[in-house]
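Worksheet for the structure shown next.
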Amino acid sequence: MKIPAGKASAGPPVGSTLGQYGVNMMDFVNPFNEQTKDMRGIVTAHITIYDDRSMDFRVVGQPTDDLILQKLGVKKGSGR
Numbered sequence: 585m586k587i588p589a590g591k592a593s594a595g596p597p598v599g600s601t602l603g604q605y606g607v608n609m610m611d612f613v614n615p616f617n618e619q620t621k622d623m624r625g626i627v628t629a630h631i632t633i634y635d636d637r638s639m640d641f642r643v644v645g646q647p648t649d650d651l652i653l654q655k656l657g658v659k660k661g662s663g664r
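Residue numbers (my numbering): 585 to 664.
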């Protein structure tokens, strides 16, 4: 999931994604925001949801496509 670093909230995309699996969103939001408070921009989080509705996540970093566009000085993709 791509989420702004340090700015996760119970709203979309976090709420709509985790809510459909019955996961307590605040169990993700607070630790995610704490872990990414010193990062900037959009980061990718890999989330594993278990049968008991618990979950683990790890922050992978900025998405590769965002890094490439940033390095090239392009504001956004072609939109096609």
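Positions of the beta carbon are idealized from the N, C-alpha and C atoms, including for glycine. Please read these numbers as outputs of a predicted model, since none were measured by experiment.
**Asked** I think I633 touches V598, with their Cβ atoms under 8 Å apart; what is that distance to the nearest whole Å?
**Response** The Cβ separation is near 13 Å, so there is no contact.
**Selection from L653, V658, M639 that minimises the alpha carbon distance to T601** = Distances from the alpha-carbon of T601 to those of L653, V658, M639 put M639 closest.
**Request:** Tell me where the alpha helix (DSSP H) around V644 begins and ends.
**Result:** Not the alpha helix (DSSP H): V644 falls in the beta strand (DSSP E), residues 639-645.
**Request:** May I have the straight-line CA-CA distance separating H630 from R624, to the nearest angstrom?
**Result:** 17 Å
**Message:** Taking 6 Å as the cut-off, is the beta-carbon of Q604 closer than that to any non-hydrogen atom of the ligand NAD?
**Reply:** Ligands displayed in this structure: none; no statement on the ligand NAD is therefore possible.
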